[in-house]
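Visitor:
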Amino acid sequence: MRDDRPPANQRPPSRKGIASLDALAGFDEIIDVRSPAEFADDHIPGAISCPVLDDAQRAEVGTLYKQVSPFVAKKLGAAYISANIARHLQERFLERDKSWRPLIVCWRGGMRSGAMTTVFRSVGWDACQLEGGYKAFRNHVLAELERLPGLYRFHVIAGPTGSGKTRILQAMVGQGAQVLDLEGLACHKGSVLGGQPGQEQPGQKWFETCLWHALAAFDPARPVFVESESRKIGRLRLPEALFLAMQQAPCSEIRVARDDRVAFLLQDYPHFLHDIGELAVRLNGLRALLGNERIDDWLALAGQGDFPRLTASLLELHYDPLYGRALGHLRGPRRQIEAGALTTEEIARVAQQVLASAP
1 MRDDRPPANQ RPPSRKGIAS LDALAGFDEI IDVRSPAEFA DDHIPGAISC
51 PVLDDAQRAE VGTLYKQVSP FVAKKLGAAY ISANIARHLQ ERFLERDKSW
101 RPLIVCWRGG MRSGAMTTVF RSVGWDACQL EGGYKAFRNH VLAELERLPG
151 LYRFHVIAGP TGSGKTRILQ AMVGQGAQVL DLEGLACHKG SVLGGQPGQE
201 QPGQKWFETC LWHALAAFDP ARPVFVESES RKIGRLRLPE ALFLAMQQAP
251 CSEIRVARDD RVAFLLQDYP HFLHDIGELA VRLNGLRALL GNERIDDWLA
301 LAGQGDFPRL TASLLELHYD PLYGRALGHL RGPRRQIEAG ALTTEEIARV
351 AQQVLASAP
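End of the sequence shown sits at 359 in full-length UniProt numbering; the numbers just go up one at a time, nothing left out.
This is how it looks when you write it as structure tokens:
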């Protein structure tokens, strides 16, 4: 249950059980009654899933609506919805007291959320359905992703692969900085070898919702630090307004000797040392770009267990040329920061220097 809601006498009044997006903070709980697949695709952060139609039931009712008649579909849908609301009420909400105030969300603020709202209000709870439903929330997120980047003073952390940019940003969080962790939100390090072991990337909609949620929490009076990224992180696209704001922002470029970068990467990507098959799959994906001979040479080094030479060659022949081209697209003022071997102490020192250099 939400613990940041205003006192009861300060909450916005409900309008016949309807609430708008600007009243979200006034509710104790957000209940999403869409199907599990809809919820997994995207939802309001903090919402809980209580589907009144599961995926199969929703498909069945939708088919009846199109192929038989709306009346027949609504009869079956009402039966399913009633049974599911009763189950949720008994299994999840019987312990809620009379002051509990839930917000109910479906696709457009229609039948599904309306049914649960009606039942909950008949119990005596001040339940409301979200006006416009999830669709209104989604439109709000997209509009805010166009607006919010213009409110902040971004400061970009750049540097070639292996220069510890993510670790530096993490150290800056510990030093009190505002940091937008794009790779953390995307579950990807932004390169052909950047997928996180055992983690799938989120869908585009959920990524954008998490990005909006992070941006909305920042203080516009303080700078926001972010790692330099291309338009895509793995298979996810950055919103255009954010990408353009990052390109025009001041930049701290981290400079690290290649040998120190190799040593750091061997520690930062340990999973590839133990899964040659997965490494081979990723490298084979570069054949069309880099040619068979180069990829075969890299696979031979991997097969021999010569990961230092493989890493150095990847940096020299693939990653560093990519970085050089990407650096040319950054238009803001740039300051170079020299770093030594990327120990914990050195990363903390560099983070402090970046903070000191930010406007």
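In this text, a Cβ means the ideal position worked out from N, Cα and C, and glycines have one as well.
Please state whether the Cβ-Cβ distance between residue 351 and residue 168 is less than 7 Å.
Guide: A contact, by the Cβ cut-off of 7 Å.
Visitor: Between 306, 99, 36 and 286, which has its C-alpha nearest residue 29's C-alpha?
Guide: The candidate whose alpha carbon is nearest that of residue 29 is 99.
Visitor: Between residue 386 and residue 233, which are expected to be in contact by the criterion C-beta below 8 Å, what is the C-beta distance as a whole number of angstroms?
Guide: The structure shown does not extend to residue 386, since the chain is modelled only from 1 through 359, so no value can be given for it.
Visitor: What are the uninterrupted segments assigned as beta strand (DSSP E) that are 3 or more residues long and contained completely in the segment 173-221, given in chain order?
Guide: Counting whole runs of 3 or more residues, the segment 173-221 contains the beta strand (DSSP E) stretches 178-180.
Visitor: Applying the 10 Å Cβ sphere with the 16-neighbour rule, what's the burial state of residue 85?
Guide: Residue 85 is buried by the Cβ-count criterion.
Visitor: Hey, how far is the Cα of residue 154 from the Cα of residue 103?
Guide: So the two alpha carbons sit approximately 35 Å from each other.
Visitor: Take the Cβ of residue 151 as the centre, count every other Cβ of all protein chains shown within 10 Å, and call the residue buried at 16 or more, exposed below.
Guide: Residue 151 comes out exposed.
Visitor: Taking the C-alpha atoms as reference points, what is the distance between residue 200 and residue 210?
Guide: Approximately 15 Å between the Cα atoms of the pair.
Visitor: Beta-carbon separation of residue 20 and residue 131 under 7 Å?
Guide: Yes, Cβ-Cβ distance for residue 20 and residue 131 is below 7 Å.
Visitor: Roughly how many angstroms separate the alpha carbons of residue 311 and residue 237, rounded to a whole number?
Guide: Each residue's alpha carbon lies about 27 Å from the other.
Visitor: Since residue 35 and residue 53 should fall inside the 8 Å C-beta cutoff, what is the C-beta to C-beta distance between them, to a whole number of angstroms?
Guide: About 6 Å; that satisfies the 8 Å criterion.
Visitor: Leaving out five residues on either side along the sequence, give the residues of the same chain with a beta carbon under 6 Å from the beta carbon of residue 146.
Guide: Correct list, in chain order: 241.
Visitor: Residues in the same chain with beta-carbon distance under 6 Å from residue 287, minus the five sequence neighbours each way, listed in chain order, please.
Guide: Excluding residues within five positions, the ones whose Cβ falls inside 6 Å are 295.
Visitor: So, residue 347 versus residue 164, is the Cβ gap smaller than 7 Å?
Guide: Closer than 7 Å, so yes.
Visitor: What three-state label does DSSP hand residue 229 in the structure shown?
Guide: Coil at residue 229, not helix or strand.
Visitor: Measure the alpha-carbon distance for residue 67 versus residue 73 and round it to whole angstroms.
Guide: Looking at the two C-alpha atoms, the distance is approximately 9 Å.
Visitor: Out of 283, 63, 268 and 343, which one is the CA nearest neighbour of residue 317?
Guide: It is 283 whose Cα lies nearest to the Cα of residue 317.
Visitor: Exposed or buried, residue 113, counting other C-beta atoms within 10 Å across all chains shown (16 or more means buried)?
Guide: Looking at its Cβ environment, which holds 16 or more other Cβ atoms inside 10 Å, residue 113 is buried.
Visitor: Among 126, 56, 42 and 115, whose alpha-carbon lies nearest the alpha-carbon of residue 134?
Guide: Ranking 126, 56, 42 and 115 by Cα distance to residue 134 puts 42 first.
Visitor: Please tell me whether residue 299 and residue 247 are closer than 7 Å, where the distance is taken between their beta carbons.
Guide: No, Cβ-Cβ distance for residue 299 and residue 247 is not below 7 Å.
Visitor: Is it buried or exposed for residue 95, if we count other Cβ within 10 angstroms and need 16 for buried?
Guide: By the 10 Å Cβ count, residue 95 comes out exposed.
Visitor: At 3 residues or longer, and completely inside the segment 230-311: list those beta strand (DSSP E) runs for me, N to C.
Guide: The segment 230-311 contains these whole beta strand (DSSP E) runs: 251-256.
Visitor: Which stretch, first to last residue, makes up the alpha helix (DSSP H) that contains residue 127?
Guide: Taken as a continuous stretch (DSSP letters only), residue 127 belongs to no alpha helix (DSSP H), as it is neither H nor E.
Visitor: Can you tell me whether DSSP reads residue 94 as helix, strand or coil?
Guide: Of the three classes helix, strand and coil, the one that applies to residue 94 here is coil, per DSSP.
Visitor: Enumerate in chain order the residues of its own chain whose CB-to-CB distance from residue 166 is below 7 Å, with the five nearest sequence positions on each side excluded.
Guide: Hits under 7 Å: 183 and 227.
Visitor: With DSSP as the reference, label residue 119 as helix, strand or coil.
Guide: Three-state DSSP puts residue 119 in a helix.
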